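In full-length UniProt numbering, the protein residues as written are 1 to 454. In this text, a Cβ means the ideal position worked out from N, Cα and C, and glycines have one as well. Small disclaimer: the values here were computed from a predicted structure and weren't measured. Notes to accompany the following structure.
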Amino acid sequence: NARKHPPWIPPPSEKDWPKEEEDFFLLDPDRKRDVLPQPFRMINKLVMQVFESAMEIIEKREVLREAQKRKVQPKKCFPTAEFQVTERANCLAVSGQYVFVGLSLGLAAFHTSDLEDACAWDAAKTEICAIHASDLGEECHALLAVDEMGLAWLFCFHKKSFLLIKILNEVKDISQRSPCVEVVLSRGGDYAGILLQGNTKAWLKVYQLPKDSWLAEMEKNSEAAEELACSERRSSCSSAVQNSSISLCALPVSAIQADVELDPPVLLLTVRPPKPITGTSFKGPLDALKEVDDGSMLGLGYNHLIKDSQWELQEAIFCSTYQEYLEAEGVFKEEIPRYATFHFLLPSRILMGPEMEVQPDTPIGIGVHWDGNHNFCLYLLDHSLKDKKGSDLKPDVVWPCAAPIACSAVSSCSRYLALAGDDATITIWDKHLGYPMSVTAILEERFIRSIHFL
């Protein structure tokens, strides 16, 4: 049915008004709940509290979700290939195109191109716990491994063959053996350092690796292997013509290399931890000045004129002043440190003199700091003309720090040195210029365990 007339809205009338509450538009709608019985009001209050709590949780999650979106998301990397090992893998090192794996029984080498097992070594039936590798060039690599007994094994890997050069800390009497706790191989394989620990002491040994003679011997051995293989082929071919049969024979290179004897490494330095400073043995200032080389740098603090009685008096004053703090924390007697961190350092103005001829990519010194010690000591790797045999090696440069050094790191270019102290302070040094570039203090009551350059 079609509407013929426009819609008509009737005018308001008084009969439509509520008779009981004429001021209904002034009432609060929430007050209507107050007239409900007590159980209903309590249930309504609990439901509202639950709803408000849920909204707060939702808002917090939204804020966290937005903050997470603004962060740089890490890229997920998945393995592109894998290789299987026969034993349990404990450690690995990469050098050139090879991956060397320390196993629960020997060593294994894998080629990165095809991930095939290139070679394995298990002659000693020992477990390898740590391994370092360096590329020497011409398909030759230097390997330094530590086994479960603390023996440091030096290998040369050449053309899919392991050649054992020497066990650096091997002795005839096993009771006199000192286990190796840390090894470092310099970039390029020129030097190797091992940290040894005895019952009550520790020391650092630095070796020079004769890699030039190794490469020459390997090249000579490869040429001899090729000539022998060719002669074997010629003899087999001639015998095949006579006997009307074909038989080719080639002697594998690894079998020939097994009889090769390479030159052993040369011991350069033996660095021992600094002894605790005690009372002076000098009778006067002139005796102390005679022990100073040239006075151009700081020392370890041994050449002083403080007597034992003065040390004892100073310690008594200190203990009486801070007795309550010493009782709370306990008194620790100073001991000789038994662990060190060391780095091979490239040439810089701090270590090299104006007349020294050095190679820019060959280490010229080593930096060492011992646990609980304030000094970072630098040693030149050539002390043959300077120090007497059997005497304690003195550092060429000493960098004292305000707090004991907890850890250290050297940049890849070997120019920048980072020292982190027990007071949670990190100092970045420019080793070429010899001054600090920045000092950063971390929050209090924090301890820095490791530091790295990126």
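For residue i, name the three-state secondary structure that DSSP assigns.
i, result
"K166", "strand"
"K220", "helix"
"L269", "strand"
"K45", "helix"
"A250", "The pLDDT assigned to A250 is 40, lower than 50, so where the model puts this residue is not dependable; a value taken from the coordinates is nonetheless given after this. It is coil, neither helix nor strand."
"L105", "coil"
"G295", "Any reading at G295 needs caution, since the residue's pLDDT is 49, under 50, leaving its predicted position unreliable; the model's value is listed next. Coil, per DSSP."
"G407", "Going by the sequence as given, residue 407 is Cys instead of Gly. Strand."
"M352", "coil"
"K205", "strand"
"Y416", "strand"
"S325", "Position check: residue 325 holds Tyr in this sequence, whereas Ser was assumed. The answer is helix: DSSP assigns Y325 an H, G or I state."
"S281", "coil"
"C77", "coil"
"D308", "helix"
"residue 459", "What is shown of the chain runs 1 to 454, which leaves residue 459 out entirely."
"A130", "strand"
"V146", "strand"
"A316", "helix"
"residue 455", "Nothing can be reported for residue 455: it is not among the residues displayed for the chain, which extend from 1 to 454."
"F453", "coil"
"D263", "coil"
"P39", "helix"
"A124", "coil"
"L300", "coil"
"R446", "coil"
"V72", "coil"
"F51", "helix"
"E66", "helix"
"F83", "coil"
Could you tell me which residues DSSP pairs with residue i in its beta bridges?
i, result
"H374", "In DSSP, H374 forms no bridge with anything."
"P436", "W429"
"Y98", "S95 and H111"
"L345", "G365"
"C119", "A109"
"D135", "H141"
"V397", "L378"
"I57", "DSSP lists no partner for I57."
"A340", "W370"
"A89", "L103"
"A441", "T425"
Is residue j closer than 8 Å to residue i when the C-beta atoms are compared?
i, j, result
"L209", "Y191", "yes"
"P363", "L346", "yes"
"I428", "P436", "yes"
"L300", "P337", "no"
"V397", "L351", "yes"
"A123", "A109", "no"
"H202", "Y339", "What sits at residue 202 in the sequence shown is Ala, not His. Yes, the pair counts as a contact, with Cβ atoms nearer than the cut-off."
"G102", "A145", "yes"
"A93", "F83", "no"
"V271", "L204", "yes"
"V368", "F342", "yes"
"W311", "L262", "no"
"F447", "I405", "no"
"R187", "S134", "yes"
"E127", "S104", "yes"
"F453", "S414", "no"
"T280", "I317", "no"
"V260", "L163", "yes"
"G198", "S178", "yes"
"C319", "L326", "yes"
"C91", "A130", "yes"
Am I right that residue i and residue j are in contact with their C-beta atoms under 8 Å? What's the rounded C-beta distance?
i, j, result
"L185", "H141", "Contact flag wrong, Cβ pair sits at about 10 Å."
"V206", "L381", "7 Å"
"K431", "Y416", "7 Å"
"R449", "C407", "6 Å"
"I165", "C180", "Not quite, the Cβ-Cβ distance comes to about 15 Å (not below 8 Å), so this is no contact."
"A424", "E444", "7 Å"
"A420", "I451", "5 Å"
"V183", "A152", "6 Å"
"L269", "K211", "The Cβ separation is near 18 Å, so there is no contact."
Could you check whether the Cβ of residue i sits closer than 8 Å to any Cβ belonging to chain B?
i, result
"L351", "The question asks about chain B, but that chain is absent: this structure has only one protein chain."
In chain order, each alpha helix (DSSP H) run of at least 4 residues that lies wholly inside the segment 149 to 200: none
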